[in-house]
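Number of protein chains: 2
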Amino acid sequence: MGTAAATPGGATRRPRADAERNRQRIVAAALDVLLEHGPDAPLDEIARRAGVGNATVYRHFPDRPALIRNVLIAVMDETAGFAEEALAEEPDAAQALRRFVHQAAASRLGATAAALKPWFDKDAPDYVAAREHLNSAVQALVERGQDSGGLRPDIAVSDVIVILSQLTRPLPGTDCPLTDRFVHRFLDVLLDGLCTPNPSPLSGEPISFEALRLRCEPGGDEA
Amino acid sequence: MGTAAATPGGATRRPRADAERNRQRIVAAALDVLLEHGPDAPLDEIARRAGVGNATVYRHFPDRPALIRNVLIAVMDETAGFAEEALAEEPDAAQALRRFVHQAAASRLGATAAALKPWFDKDAPDYVAAREHLNSAVQALVERGQDSGGLRPDIAVSDVIVILSQLTRPLPGTDCPLTDRFVHRFLDVLLDGLCTPNPSPLSGEPISFEALRLRCEPGGDEA
């Protein structure tokens, strides 16, 4: 691991682990730069912060939509990982949900989805897989919470993910440096609402992700 | 009301009530058009939907930021009015809060603030007055809720307004026609969290509007 091997042609071949490390550094740098500067952020700046050359960025991500998509996928996978860890490590179902919700705020899912989702094809197989991964990880948390009686039975996994994304979005129009100071308060209120022993009836029906995808994403079926 | 009076020069002078009606039609049309097309929406389209000429738009609003600011002010005033009505008409404090929260979603405060707030001067006296009007109307609801024991004591009026704005924002990147179908579910969960008899400790401190204004709005002091 980490050593370079000579190819028959004499060039230096980077082992897969190095390539993967570069890829992760590009994605991490791109997350920061895209959230700061928006989807048109200069790729030069992303390469610079990742400590790689522009050519390395292009080798991993053939175009801007592919890079943007992979940044959101990384955040979704991280968020799914938080759900899986909380489920595995917290014996109490309500505490597992609480831990997940607060960690998900740190993964910047709300900010990233808001900033990046309009800028790539939502039918790309890797994005579809990441969405299913996140949904099933949160579904497992929600099911355990509802089975234990700690989580209100009338809430759907789509409700949890969409509320969480909305509450953790940056405030309108700015990079507000204070968002982190109050977002966890909001999540505490949300958790009290999700885990109340006396839930009020909920208005309407939970929305399915399929309906959201078809009707609420650019290029979706507006019918 | 509604009749035109001849001026000494022979021109027709519109009475103030007509002017006010035109102004309201322009603001209502601008709200729809700005939310559909963003802050660069064509003024022609706004005038057309309001059923007035472009000159009438310019007579009421000398420039685009003034129009945008007045659209948000109208939404804030409408939202403040919902809070005042709920306080006056609902004998039960928790029910007053519930009614206000669901009505506020209909006023599109979250969508409007998100779309329009970055595009005008937040020190304009009429905007400052509208903000204070909204804050004090919600403050009265929150205080009555807390005095009655129905609303958790550790929540601040700024928390309520910011959570409400965040939960009622359109989903990222789209005009999602389904938002109205699930936003009231989210608000029901929020209300259960706000009115729980057994509140969990809230993380952090409530943020003051003054801090938000100074540090989180374009042109604010970033220090």
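Chains as they are written, first to last, in our numbering: chain R, 30 to 252; chain P, 30 to 252. Don't be surprised by glycine CBs; every beta carbon is placed ideally from N, CA and C.
query	result
With 16 other Cβ atoms within 10 Å as the buried cut-off, status of G178/R	exposed
Three-pair Cβ contact test at 8 Å for the stretch 178-197 of chain P versus the stretch 153-166 of chain R	no
Residues that D92/P contacts on chain R, provided the C-beta gap is smaller than 9 Å	Within chain R, no residue comes near D92/P; the closest Cβ sits about 19 Å away, beyond 9 Å.
Alpha carbon of R198/R to alpha carbon of G139/R, nearest angstrom	5 Å
Cβ neighbour criterion (16 or more within 10 Å) applied to H66/P	exposed
Close Cβ partners of I55/P (< 8 Å) along its chain, the five nearest in sequence each way excluded	I75, A76, A79, V81, T85, V86, H89, F90, L96
The stretch 222-231 of chain R touching the stretch 217-225 of chain P, judged by at least three CB pairs closer than 8 Å	yes
Cα-Cα separation, D188/R to G174/R	14 Å
Chain-ordered neighbours of D221/R on chain P, where CB pairs are closer than 7 Å	G222, T225, P228, S229
Local conformation of G39/R per DSSP, three classes	At G39/R the pLDDT is 48, less than 50, meaning the model places this residue with poor confidence; the figure from the coordinates comes in the next sentence. Coil, per DSSP.
Check whether A144/P and L64/P have beta carbons under 8 Å apart	yes
Coarse secondary structure for F149/R, derived from DSSP in three states	coil
Partners in chain R for S287/P, counting only beta-carbon separations shorter than 7 Å	Outside the modelled stretch of chain P, which goes from 30 to 252, sits residue 287/P, for which no answer is possible.
For H213/P and P44/R, the rounded distance between their alpha carbons	52 Å
Contact check, E119/P vs A125/P, beta carbons under 8 Å	yes
Neighbour flag for L196/P against chain R, beta carbons, 8 Å	yes
Cα-Cα separation between I192/R and F149/R, rounded to whole angstroms	23 Å
Neighbour flag for D188/P against chain R, beta carbons, 8 Å	yes
From I184/R, L101/R, P226/R, residue whose alpha carbon lies closest to that of A259/R	The shown model of chain R, from 30 to 252, leaves out residue 259/R, and the question about it has no answer.
Same chain, Cβ closer than 6 Å to T32/R, neighbours up to 5 away in sequence not counted	In this prediction, T32/R scores a pLDDT of 45, lower than 50, which makes its location untrustworthy; the coordinate-derived value is nonetheless stated afterwards. For T32/R, where only same-chain residues beyond five positions count, there are no Cβ hits under 6 Å.
Minimum Cβ-Cβ distance from P210/R to chain P less than 8 Å	The sequence shown places Arg at residue 210/R, not Pro. At least one chain P Cβ lies under 8 Å of R210/R.
Buried/exposed call for V157/R, threshold 16 Cβ in 10 Å	exposed
Distance between L241/P and G249/P (C-alpha atoms, nearest Å)	Note on G249/P: pLDDT 45, under 50, position unreliable in the model; no value is reported.
Below-8 Å beta-carbon distance, I102/P vs any chain R residue	no
Closer than 9 Å at the beta carbon, the chain R residues around V191/P	L200, F211, F215
Contact check, A117/R vs F129/R, beta carbons under 8 Å	no
Segments assigned alpha helix (DSSP H), at least 4 residues, entirely inside the stretch 69-125 of chain R	72-79, 83-89, 93-118
Interface flag, I55/R vs chain P, CB-CB below 8 Å	no
Burial state of S237/R, where buried means 16 or more other Cβ atoms lie within 10 Å	exposed
Beta carbon proximity, I236/R to chain P, threshold 8 Å	yes
Beta carbon proximity, T32/R to chain P, threshold 8 Å	For T32/R, the pLDDT reaches just 45, beneath the cut-off of 50, and the residue's location in the model is therefore unreliable, although a value from the coordinates is still provided. So, not an interface residue.
Neighbourhood of A159/P by C-beta distance below 7 Å, restricted to the same chain and skipping five residues each side	I102, M105, D106
Minimum C-alpha distance to N164/P - residue among P68/P, I190/P, S229/P	I190/P
Selected residue, minimal CA-CA separation from A59/R, among L170/R, R98/R, D47/R	R98/R
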